[in-house]
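In UniProt numbering, the protein residues as written are 1 to 1061. Heads up: the structure comes next, in structure tokens.
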């Protein structure tokens, strides 16, 4: 039979083509009316009821006219076929190709829906050919449901062809059956066909069988019994697998052969060796579940299912002895090495070629080529087959699912031998398709007469509209050109945070002439204008054009280039979003590193802060009022197509009238326009930060948490609102009770995977509200109510008609009754804090200096003619530190300096600094004491020597402390340096010389300079011995002395009085 068959190019699906048409004149009149209404509404300002239409009309009316004009010349452009009858294309068959068929169907429907709506499905039954199923292909017979095609990995036999002569099979793709297994720490496994035969006939029972181990020399296989899994249902996968075993093993073929049956309801196998089989799986999903859950299990399934479920599978040794995997190229190798017979029958198992995977199979479509009762279905089936045979996009989709599409040569053969024979009602289907294509193309040629007819009617309105459009477009373009959505950051007066602090410097090196004492930090304070109220210390607040603003982070870097659509959207958001429960959007600004949203300032702060503050008595009516405010604001935003994406108590503000206003609603809108998707991923950083991130995501919908990358939906907002309702009515953080026993990460995982929801108690939630919240957090997003429904039901549940402001006034009156008592308590706390502050100041600075600072007096620098400075150091401290833990060193220094401080309290001295093992003391300032300062320091040094003799290191009780001391007298200059963390600092050469006296001394000795020696001799009573001349860095040769004792002081250790060469 010779028929004409369409070429692939004839079937290209034009998105404008359509077989239906309406009156072009009617359409043109509708265009005129629409444009006129838009213009009139815009001129008179009736914008809000027509949000989306007016947005197009006002912001881009010229584009709307272009679209409408295109509709006039091409009726198919506006999808005039929306009322066309659906064509049914039902398919049934094997589970094996389910994913591919569903992907193909979705793509084909999306293309054809523009021209012909399709009701196209594919459901799984079994891959073996059933007589009842074959009856229904192309026809509804004997009360059975009509089926347009069936998918199968099995072939029609001679009996089928004789009984149903109009049926044909055509190959659609090829796939592979893999051997999946579950063994821990075994990520790669090689098996031969001989191994598979042995495993399934019972001759190989353990994983570490020598034959298997020999094929896997670098893998340690466990000595565990192989748990064999087979399909209990009638399965095409079973048929392919057993066909491969039969093709390899004559013994298997003689004993078991090729079969597709599994087991009966009592798990009694029809053919399988019962003693070998451990588990029976029902359907492919059952096989996947058993392999994933049972250790040491092994079973067979499609490569596509294995990869999608993460099942590890073995590489197999093919007929040529090559180890290959089930990749697409190995399936192609098997396909290229085989040929079809006249009925398209062939086998892809155990193919004799180097790269072929040994267990491959063609997936067939069984179709009725002559007696289909619906010609519409026949036409669409023809186009579907032609599409998946030749469309390039199908090849990529198929390979992504681990199946191999047909080669071009095989596809052409199918078209020539099968599609060319398609008939319906004695008509060749290819001719019917050609007529349909011509009809669709003809719709593109029907524009001339309507255009000429309507031109005169719409000329006057069109000219006026064009002028108006030009005016609006100029206005919009001017706004875009000048970036009116963007506010210069320099024009915003920011309310800054002033912090007074002093850096913490240690003792300077030996060449320095100055040193700072211990310091302090002054508490920072927010310097915000007194007109600003509320708790906003965590926010950036500014003033622009006498209006207070809040700056919110956009997560967009300053270098990001905003798209034209984004900038248009920003202008529209600024000019049109007006609702009493939505924070106004004023535009954006940029700092050096990022963009910021500018939002309306609300003086009462976050809703979260109000809920957490116990001083506010929020009754049930108040809570319902706040809930209604949020629902009303979200209803408004959703009505404009704006999804919030991060609705929680910290994204809602309270204004001065106690009205809840939704903020941060512009982020998702801008992210969508910028093509930046919100990313929700599980934290992979340290535990503490992971818990913080998880706690902040407890209001996020589970479907958004589970998605790798996705923009939030309206249903996600409804879920977040349900969590917010729990927070409002319990006045606790979300999942507070659950967080008492589990970490935030565990709770978040339970929300995402197990459907955990907050507990709703009858004490906090009326019964009707419990049902409403439960519906709002439904696991199925489509089952959640809209905000229109939520707002209506919340208003009905509200116990009183009082507004939020009335409720708050009552709460304020109740709060005012105990306000005086709270003020008294706070005053007492303030006085106690001031006393602690003064005590701390006296410990950090000399008492005279601390007293002046506490009174607010200035402390000018002052020169002192003579003071004595003491430096000490512990010899061997570095070695001790290297062999001790940090906590041991801290305990050691605390013990030592506590003893030293006790000695200091008995003398007229001031401790300047302790850094590590270095200790510095001075006498003679700020209170002058003549020449007594030398005696005070010398006596203190001797008493420290006595203390050191009895001091024991806790973690090294047998170690003797080696103290080295240096003392020098001379003039210095001293004063308070710094505003933040002020320090009492010393300047002058005396500081450096005293430090050199310590560094040139020796362990367990007190070295004094010539100047200190002279003062001590003048005081009398001190025992000093000449050391001699010492080379001092920066000073040259200096004469120094050893201090051995003082009259009246006994017990100075002998080490401090010993003679040194």
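Even for Gly, the Cβ is constructed at its ideal location relative to N, Cα and C. Source: prediction; values computed, not measured.
Under the three-state reduction of DSSP, which class applies to residue i: helix, strand or coil?
| i | result |
| --- | --- |
| residue 786 | coil |
| residue 316 | strand |
| residue 288 | helix |
| residue 1063 | The chain is shown only over 1 to 1061; residue 1063 falls outside these bounds and no answer can be derived. |
| residue 272 | coil |
| residue 227 | strand |
| residue 1060 | coil |
| residue 280 | strand |
| residue 426 | coil |
| residue 113 | coil |
| residue 89 | strand |
| residue 387 | helix |
| residue 931 | coil |
| residue 305 | helix |
| residue 405 | strand |
| residue 201 | helix |
| residue 880 | helix |
| residue 906 | coil |
| residue 82 | With a pLDDT of 44 at residue 82, under the threshold of 50, the modelled position of that residue is not reliable, and no figure is offered here. |
| residue 246 | helix |
| residue 1075 | What is shown of the chain runs 1 to 1061, which leaves residue 1075 out entirely. |
| residue 437 | helix |
| residue 1001 | coil |
| residue 134 | helix |
| residue 1009 | strand |
| residue 118 | strand |
| residue 560 | coil |
Figure out for me which residue from the options has the closest Cα to the Cα of residue i.
| i | options | result |
| --- | --- | --- |
| residue 578 | 632, 649, 617 | 632 |
| residue 863 | 972, 870, 882 | 972 |
| residue 485 | 261, 573, 193, 399 | 573 |
| residue 277 | 284, 269, 283 | 269 |
| residue 732 | 607, 561, 115 | 607 |
| residue 619 | 763, 872, 956, 122 | 763 |
| residue 206 | 396, 226, 575, 193 | 226 |
| residue 399 | 479, 99, 543 | 99 |
| residue 706 | 753, 670, 746 | 753 |
| residue 1030 | 294, 662, 998 | 998 |
| residue 793 | 734, 625, 899, 932 | 625 |
| residue 622 | 582, 594, 725 | 725 |
Which one or two residues does DSSP pair with residue i in a beta bridge?
| i | result |
| --- | --- |
| residue 1145 | Residue 1145 falls outside the range modelled here, since the chain spans only 1 to 1061, and no answer is possible. |
| residue 973 | 863, 987 |
| residue 357 | Residue 357 is not bridged to any residue. |
| residue 553 | 596 |
| residue 653 | 606, 661 |
| residue 192 | 317 |
| residue 921 | 870, 911 |
| residue 1039 | 1029 |
| residue 494 | 542 |
| residue 570 | DSSP lists no partner for residue 570. |
| residue 123 | 92 |
| residue 579 | 582 |
| residue 968 | 869 |
Is the closest heavy atom of the ligand ZN to the C-beta of residue i under 7 angstroms?
| i | result |
| --- | --- |
| residue 90 | This structure lacks the ligand ZN, and indeed carries no ligand of any kind. |
Hey, residue i and residue j are a contact pair by Cβ (cut 8 angstroms); roughly how many whole angstroms apart?
| i | j | result |
| --- | --- | --- |
| residue 382 | residue 429 | 5 angstroms |
| residue 554 | residue 643 | That belief does not hold up - the Cβ atoms of residue 554 and residue 643 are roughly 16 angstroms apart, past 8 angstroms. |
| residue 996 | residue 1046 | So it is not a contact: roughly 24 angstroms between Cβ atoms. |
| residue 970 | residue 1011 | 6 angstroms |
| residue 1063 | residue 152 | Residue 1063 is absent from the structure shown; the chain starts at 1 and stops at 1061. |
| residue 921 | residue 837 | 25 angstroms between Cβ atoms; not a contact. |
Please list the segments of the alpha helix (DSSP H) lying wholly inside the segment 693–765, counting only runs of 4 or more residues, in order along the chain. 702–706, 714–730, 736–739, 744–749
Where in the segment 591–647 do unbroken runs of the alpha helix (DSSP H), each at least 4 residues long, occur, reported from the N-terminal end onward? Along the length of the segment 591–647, whole alpha helix (DSSP H) runs at least 4 residues long occupy 607–612, 620–639, reported in chain order.
Mind pulling the alpha helix (DSSP H) runs of 4 or more residues that sit fully within the segment 136–180? 158–163
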